[in-house]
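*Asks:* Protein sequence lines, in the order shown, are assigned to chains A and B. Going by this note's numbering, the first residue of the first sequence is number 698, and it counts up by one from there. Going by this note's numbering, the first residue of the second sequence is number 2, and it counts up by one from there. Each residue gets a CB set at the ideal place from its N, CA and C atoms; glycine is no exception. If you scroll down you'll find the structure; I have some questions about it.
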Amino acid sequence: MELKVNQDNCLGCGVCVVACPVNVSISPEVEGGHGSKTEEVIMMVENGVIKLFSPEKCNKCGTCQVFCPTDAIWLE
Amino acid sequence: MIANIKQVEDKDFNIKRSAEDERKLSYKDHVCIGCGICAKTCPVEAIELGNIAAIVRTDANISKININEEKCVLCGMCSVGCPVDALDLTIDNVSVSELEMYPKYTSSATIDDETCIYCKACEVACPREAITVSRDLPDRSKLVSGEIEIDDETCVYCGICEELCPAEAIYVTKDPENPEIVVDTDACVYCLVCKRACPMDAIMAACRSCSYGEYDIDPADAVTTGNTFIDDELCVRCGWCEGVCPVDAAKVQKPFEGELLVDEEKCSTCGACIDICPCDVLSFPESTGFGQTSAKIARDQEYCISCGACANICPVEAIEVKRTAINYTPTKSKSWTDKLESLKS
């Protein structure tokens, strides 16, 4: 399974960014809703839409998909 | 060399080898709890665990495990090791769980119908919906201690009794030409609300014995009968039924004993463990009030089968499942014993 995004669906809410347990472990400040200080994270909101930075770090837990309100991020 | 043949059917599959004996390994995806014990214990690394969290949480149409039929030697390790019998190796159509030379877990779940009062607490609590309780209630009319009679001469057909009757046992027809009041004696529970409310005092109560004495009810008429059924395929022997049974009719023996530890520092409350747990052991804790913090993940340790599914899928390795005992039938084979004992941590 692979992590996929559809930027056309994305509202830029960033819930996936803060819910992703791996993101939080890489860059703990995102848990509090702050922007990541590093581009080492799996995903970040950039210019109002989600963008994948290091999808290979994804542990396929599906949390982003569970929380995304618009099916903009999923595992396939 | 004789090749293994794999047959795939939706998310289930069989791997078969016909030589001197016919060996067939069957996998049932709906039974699999995604614990990964098979993948960890396979001696030839033929089993690959899928992205269990994603599969379970997104309803993806993919098998939770995959077995490479070219690597599989049909030894039966996965079949013996699977705590829920999602994998089953048969030799000449006999499951290894029935063959004495193979060990098997001594796990079981039973409900004693003699003791059971058919309250359905277990049916509701079972996290796998594996329990069905069917019951026959006693005939209600036999449990009622009296009956009412209406004096047609006095009754004015006001319908107050009909409106108040909790059992819907009274029917009033208000036709001025031909008024009528009927009591359904099978439905009447002799509560006497009608009698007390009647403005004309037209309702008479006829108690079968005495209002203050013992009811004339035959205890045999008051018994609820029934039977219980546990679907062995779905049951994971977690012990919820035993835990909630008010009369100790349910007995469960778990395959493993152990404990589940959560590293509060690492946990980021993604909830993957809660979604995967086959035993409803894990949950997000209820708030205990303003300004109060509780553990990130609540645990009903009592119902944990120590399968390790949660620890396997935790994306940040915040969960550790320690198995302290493996319950299985004794075997003479040292290699089988070693393998099963290796499940301890």
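(1) Using the Cα positions of Ile320(B) and Lys267(B), report the straight-line distance between them to the nearest angstrom.
(2) Just to check my reading of the structure: Val727(A) and Asn720(A) have Cβ atoms closer than 8 Å, yes? What is that Cβ distance to the nearest angstrom?
(3) In the structure shown, what three-state DSSP assignment does Asp219(B) receive?
(4) Of the choices Ser336(B), Glu148(B), Ala168(B), Ser109(B), whose alpha-carbon is the least far from that of Ile204(B)?
(5) Is the beta carbon of Glu737(A) within less than 7 Å of some heavy atom of the ligand NAP?
(6) Of all the CB atoms in chain B, is at least one closer than 8 Å to the CB of Leu772(A)?
(7) Under 8 Å by Cβ, that's how I've got Gly51(B) and Asn67(B) pegged, so tell me the actual separation to the nearest angstrom.
(8) Taking 8 Å as the cut-off, decide whether the C-beta atoms of Cys73(B) and Val45(B) are in contact.
(9) Can you check which of these residues, Lys255(B), Asp276(B), Ser334(B), is closest to Ser307(B) by C-alpha distance?
(10) For Cys316(B) and chain A, any beta-carbon pair shorter than 8 Å?
(11) Could you pull the DSSP bridge partners for Tyr103(B) from this structure?
(12) My assumption, with CB atoms under 8 Å, is that Cys305(B) sits in contact with Cys280(B). Please give the rounded CB distance.
(13) What does a CB cutoff of less than 8 Å around Gly759(A) pick up in its chain, not counting 5 residues either side in sequence?
(14) Any idea what DSSP makes of Asp276(B), helix, strand or coil?
(15) Give me, in chain order, the residues of the same chain whose beta-carbon lies closer than 7 Å to that of Cys761(A); leave out the 5 immediate sequence neighbours on both sides.
(16) Taking beta-carbon pairs under 9 Å, can you tell me which members of the stretch 40 to 68 of chain B lie near chain A?
(17) Can you tell which of Ala87(B), Ala221(B), Thr294(B) has its C-alpha closest to the C-alpha of Asp233(B)?
(18) When DSSP builds the beta bridges, which residues end up paired with Leu50(B)?
*Replies:* This is what the structure holds:
(1) 9 Å
(2) 6 Å
(3) coil
(4) Glu148(B)
(5) As for the ligand NAP, it is missing from this structure, which has no ligand bound.
(6) yes
(7) 7 Å
(8) yes
(9) Lys255(B)
(10) The sequence as given places Pro at residue 316(B); Cys does not occur at that position. Yes, Pro316(B) counts as interfacial toward chain A.
(11) DSSP lists no partner for Tyr103(B).
(12) 6 Å
(13) Leu772
(14) helix
(15) Cys713, Ala716, Cys717, Ile770
(16) Gly51, Asn52, Ile53, Ala54, Ala55, Ile56, Val57, Arg58, Thr59, Ala61, Ile63
(17) Ala87(B)
(18) Ile66(B)
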